[in-house]
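Asks: Residue numbers for the sequence shown follow this note's numbering, beginning at 138 and rising by one. Even for Gly, the Cβ is constructed at its ideal location relative to N, Cα and C. Structure below; questions to follow.
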Amino acid sequence: MSGAMIRPARLLTALSLAGLLAACGGQSHDPQAQPARTSSAGLPSGTVEAGEQAANVKSAATGQTCIDCHGAAGNAPIDPTYPKIGGQFRDYLAHSLQAYRDGDREHALMSQQAAGLSDQQIADLAAYFAAQPSQLRDLRGAHDR
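As C-alpha cells, this is what we get:
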C-alpha cells in the first residue's frame, strides 16, 4: 500500500473521532453534577413535605391513610403482615405503588388505596417514606438457632 492510500483512511478516522468527541462535549459524566429529574420508576421528583401531607389524606376508596395502616413514619404497622416502609428505597416504594395502581400487583387494600394516585403523588409518598428512619433489617441469621 502506498502512503497516499493510508493518509485518507487516517484522516477519515481522525475526523470521525473528532466528531464523536464534539458531540459528547459539555456533558458531565459525574452523576452528582446533574441531579436526577426522574426516578428509575419514570416518575417526577417527589418532595418529602408533599409526601407527608399525602400520607395523612384518607383515601376515598378505603377511608384509610397510609399512616393508619403502616403507622407513624411507616414503621409501626397495625398488622404484622403489613410491611414497615419507613426508610425503604424510594424507587422500590414508587414501583410498588405504581404496580398496585396499575393492577400489576394485587392486594385487597393496597390496590384500592393506590388506584387514584397520580404519578406526582406516588413520587411524593415514596420521597416521604424513604426519608424516614429505617427499622428495616436483613434476615441474616434469622433462621439460626
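1. Excluding the 5 residues preceding and the 5 following residue 260 in the sequence, name in chain order all residues of the same chain whose CB lies nearer than 7 angstroms to its CB.
2. Considering only C-alpha positions, which residue in the set 277, 192 and 263 is nearest to residue 229?
3. Between the C-alpha atoms of residue 215 and residue 208, what's the straight-line distance to the nearest angstrom?
4. Taking the alpha helix (DSSP H) that residue 233 falls in, what are its first and last residues?
5. Find the nearest neighbour of residue 246 within the set 186, 278, 219 and 274, judged by alpha-carbon distance.
6. Can you tell me which of the three DSSP states residue 274 falls into?
7. In whole angstroms, what separates the C-alpha of residue 271 from that of residue 224?
8. Output needed for residue 268: all residues of its chain with C-beta closer than 6 angstroms, excluding positions within five of it in sequence on either side, in chain order.
9. Where does the unbroken alpha helix (DSSP H) through residue 258 begin, and where does it stop?
10. What residue from 265, 253, 276 and 277 has the CA that sits closest to residue 198's CA?
11. Which residues mark the beginning and the end of the alpha helix (DSSP H) in which residue 248 is found?
12. Which residues mark the beginning and the end of the alpha helix (DSSP H) in which residue 204 is found?
Replies: With the structure as the only source:
1. Within the same chain, residue 260 has close Cβ partners 176, 180, 181, 182, 183 and 231.
2. For the residues 277, 192 and 263, the minimum Cα distance to residue 229 belongs to 263.
3. The straight-line gap from Cα to Cα measures roughly 7 angstroms.
4. Boundaries of the alpha helix (DSSP H) around residue 233: 227-239.
5. Comparing Cα-Cα distances from residue 246 to each of 186, 278, 219 and 274, the minimum goes to 219.
6. Correct three-state label for residue 274: coil.
7. Across the structure, residue 271 and residue 224 are spaced so that their CA atoms are roughly 4 angstroms apart.
8. So the list reads 185, once near-sequence residues are dropped.
9. Residues 256-267.
10. The shortest C-alpha separation from residue 198 is found at 253.
11. Looking at the DSSP string, the run of the alpha helix (DSSP H) that includes residue 248 is 247-252.
12. First-last of the alpha helix (DSSP H) with residue 204: 203-207.
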